[in-house]
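Worksheet: the structure to be examined is printed underneath.
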Amino acid sequence: MNIDYHALLPEFILAGTILLVLVVDVFLPERAKWFAMPIGLIGVVGSLAGVLSLIGAGTRESFGGTYVVDEFALLFKGFFLVTAVVVLALSLRYFREGGFYQGEYYFLLLTSFLGCVMMPSSRDLLLLFLALELVSAPGFLMAAFRKGDVKSNEAGVKFFIIGVLSTAVMLFGMSLIYGVTGGATKLAEIGVALDGVSGEMETLAFAAILFVVVGFAFKVSAVPFQFWAPDTYEGSPVPVAAFLAVASSVAGFAGLLQLMFVAFAGQHEFWVPIFAFLSIATMTVGNLVALQQTQVVRLLAYSGIAQSGYILLTFALVTDDAASNRNAFAAAVTYILIYGVMNLGAFAATVAVSRRHPTLGVADFAGLRETAPVIAVGMAVFMISLAGVPPTGGFWGKLLIFQAAIERGGTLGPALAVVMLVNSVASVFYYLVVPRQMFLRDAADPSRLRVPALVTAVVAVAMVTLVAIFVLPNVFARLAEISTLVGLGA
Amino acid sequence: MLTEYLPIVAMAVLAVAFGVASLVVSRMFRPHRPNPVKLSPYECGNDPVRLPRGERFSVKFYVVAMLFIIFDIEIIFLFPWAVRFRQLGLFGLVEMAFFIGLVFVAYIYVWRAGGLDWATSVEAPADADLASDSPRDPMAAADEELAAAMHDAEVAGAR
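Line order of the protein sequences matches chains A and B.
Following the numbering used here from start to finish, the first sequence increments by one per residue and tops out at 490.
Following the numbering used here from start to finish, the second sequence increments by one per residue and tops out at 1159.
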């Protein structure tokens, strides 16, 4: 049993911070409870420093190869920790002024992020499952954190029941895989073992893969398993909705990428049609329902569902050709990262507006150009980017997926590309609803909106990042190297 | 291969059929003459004191259950470690100290959050001023309300 303590440093720092936050909170007087947030922030930044210290250190294995820190893992760990910084920044004022249990909230949030950070390193079914549960379980509690509001209670209960159901389905699939492969739990070993099964056992293996995919489809809110997402996002505190829409969903994708490209790569002929269906249904339903939304968090929820559809599309592009698979993998990773930036930005702007308009109707954004110019410009950039229109990073993200789909060839690739194009055009209509309110309508109350400095900073940084990605797309050129994960199991 | 499961299917069909048949047959033959005493919930021959619905129980039991799980799991992990203490050596000792430390953090949290205070009810910090307004035990109030409801048929029906 080898343990590479340096490779585990980010997790250790984060875990230590979590314990510290919990203990410090109960000794703080009520007025100083918010102090849990700076402590958490320092811990997350320390953990991020740990991740940075591992860059270029090569692939490092712990616990008999079940926990691997490679470039793929580091990239996602860095992404999750930056997301943690952003969500913490959005949470401070929101939770301090709302009369919440602050220490418990930061404890739960950081615990969820520990699960996120573990996810891309987990190369074993057991660890993958543990990491996924560590992400979800505190999420159930955080979704219900606005205790006095019935909607928040509904959000928590729905998320909990759906989360437990999806976990049960996924776990059943995993147990079948364990049986079919004769006791393999490491992803690479599963890939090798599954290639050797045939006949009835192969049918059983297909059933197992289907169960696991359905379980993850719940987590990433793919249609037809999406119905919990809008209600949960709407009822949750807005920073928690940002966490669920970005970190929790990306953690699901990080797990799914490893499973599909490493463990189940050999069975792609079976699961590519499933993903093609999931992808088309998810983006179409997400976009069509988003067109009718009048509440911004619900709009963002359906937009998130549609975006999940674009990411799921890359899974449907897998073939026998390793080079084409690497393209699809790189496109997925790039899109996930850009999606994270623009969605976090959109939620940050929403947090800013929620201080004056807690119900967050689309009309509440009216006249934001006067009341909060930075937020208004930022929100416009995020909406344009989510729609995939230049000059923003979202454009490159969509272009990469489109390119990968065309290059895959056959009938499926171009067909999916066309569906995606049609969907992107349709999505422009609802994404532009919010900028129209902000710039063409006047606010009922023209006094300046007081936005916390941290929230403004998040919006500004996300906005600059998206424009910078558009100008310098080469930062993502190295992602092709990270996709060495592809083909490990084949 | 599937024929091996035939006895199980037959058993399942028989079990369902027996259950359904018992219900149907007894429904056909039994007399149906209800009165209020017969319809009241059975509590070992005593008069029912509480309505089956809307009954409240103290949230403290939940805290006790959580505490039990924390220490239960601790014991479960301590046993195998104790049995293999010499083989696991110093590494095992350090790991166990680490693990007990984690449980201890949970214990500190419960203690400071008031989970161990049985004299006064566990109140949320945000609701602290609310609690001082009504010093009476909420359980007692709920009981009285329910007892009153039992005597008032209309209210009992409405609940």
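The C-beta atom is built at its ideal place from N, Cα and C for all residues, glycine as well.
query, result
"8 Å Cβ cutoff, Val961 of chain B in contact with chain A", "Missing from the structure shown is residue 961 of chain B; chain B here goes from 1001 to 1159 and no further."
"Which of helix, strand or coil DSSP assigns to Tyr67 of chain A", "strand"
"Three-state secondary structure (DSSP) of Ser121 of chain A", "helix"
"Residue burial classification, Gly273 of chain A (beta-carbon count within 10 angstroms, cutoff 16)", "Position check: residue 273 of chain A holds Pro in this sequence, whereas Gly was assumed. With fewer than 16 Cβ atoms within 10 Å of its Cβ, Pro273 of chain A is classed as exposed."
"Separation of Glu30 of chain A from Ala1128 of chain B, as counted between CA atoms", "No answer about Ala1128 of chain B holds up, because its pLDDT of 43 lies below 50 and its placement is not dependable."
"Cβ-based neighbour list, Val362 of chain A, same chain, cut-off 8 Å, excluding 5 preceding and 5 following", "Gln293, Thr294, Gln295, Val296, Leu299, Val433, Val434, Gln437"
"Start-to-end residues for the alpha helix (DSSP H) that takes in Ser424 of chain A", "412-431"
"Outcome for Ala1124 of chain B when other beta-carbon atoms lying within 10 angstroms are tallied against a minimum of 16", "Because the pLDDT of Ala1124 of chain B is 49, which lies under 50, any placement of that residue in the model is unreliable, and the question is left without a value."
"N-terminal and C-terminal residue of the alpha helix (DSSP H) that Arg326 of chain A is part of", "322-354"
"Own chain partners of Gly50 of chain A with C-beta closer than 7 Å, once the 5 adjacent residues on each side are dropped", "Leu9, Pro10, Ile13"
"Delimiting residues of the alpha helix (DSSP H) encompassing Arg408 of chain A", "393-408"
"8 Å Cβ cutoff, Phe395 of chain A in contact with chain B", "no"
"Proximity below 8 Å, CB of Gly394 of chain A to CB of Ser385 of chain A", "yes"
"Buried versus exposed, by CB contacts within 10 Å (16 or more), Val455 of chain A", "buried"
"C-alpha distance - Phe159 of chain A paired with Pro224 of chain A, whole-angstrom precision", "15 Å"
"Contact with chain A by Arg1112 of chain B, beta-carbon distance below 8 Å", "yes"
"Min CB distance Ile1069 of chain B to chain A below 8 Å", "no"
"Contact belief for Gly340 of chain A with Phe79 of chain A at Cβ below 8 Å, rounded distance in angstroms", "6 Å"
"Beta-bridge pairing of Ser62 of chain A - partner residues as DSSP gives them", "A:Tyr67"
"Chain B contacts from the region 21-37 of chain A (Cβ-Cβ distance under 7 Å)", "Leu22, Val23, Val26, Phe27, Glu30"
"Selection of the region 2-21 of chain A by Cβ proximity to chain B, strictly under 7 Å", "Leu19"
"Cβ-Cβ distance between Tyr233 of chain A and Ala222 of chain A below 8 Å", "no"
"Boundaries of the alpha helix (DSSP H) in which Glu11 of chain A is found, first to last residue", "9-27"
"Paired residues, beta bridge with Lys186 of chain A - DSSP", "A:Asp124"
"Contact with chain A by Val1103 of chain B, beta-carbon distance below 8 Å", "no"
"Nearest candidate by alpha-carbon position, reference Ile162 of chain A, set A:Val180, A:Glu133, A:Ala468", "A:Glu133"
"Sub-8 Å separation of Val85 of chain A and Val44 of chain A beta-carbons", "yes"
"Proximal residues to Val374 of chain A (C-beta, below 7 Å), its chain only, five neighbours per side dropped", "Thr456, Val459, Ala460"
"Unbroken alpha helix (DSSP H) run spanning Tyr1109 of chain B, endpoints", "1085-1113"
"Buried or exposed by the 16-neighbour rule on C-beta atoms within 10 Å, applied to Phe227 of chain A", "exposed"
"Short Cβ contact (8 Å threshold) for Ser261 of chain A with Phe329 of chain A", "First, the residue type needs correcting, since residue 261 of chain A is Phe and not Ser in the sequence shown. Yes, the pair counts as a contact, with Cβ atoms nearer than the cut-off."
"Coil, strand or helix - Gln437 of chain A by DSSP", "helix"
"Contacting residues, own chain, Cβ-Cβ under 7 Å from Glu1154 of chain B (five flanking each side not counted)", "Because Glu1154 of chain B sits at a pLDDT of 43, beneath the cut-off of 50, its placement in the model cannot be relied upon, and the following sentence gives the value as read from the coordinates. Excluding positions up to five away in sequence, the list is empty."
"is_contact[Tyr1005 of chain B, chain C] using C-beta, thresh 8 Å", "Absence of chain C from the displayed structure is noted, the protein chains being A and B."
"Ala15 of chain A burial status per 10 Å Cβ neighbour count (16 or more: buried)", "buried"
"Residues that DSSP places opposite Gly361 of chain A in a beta bridge", "A:Gln295"
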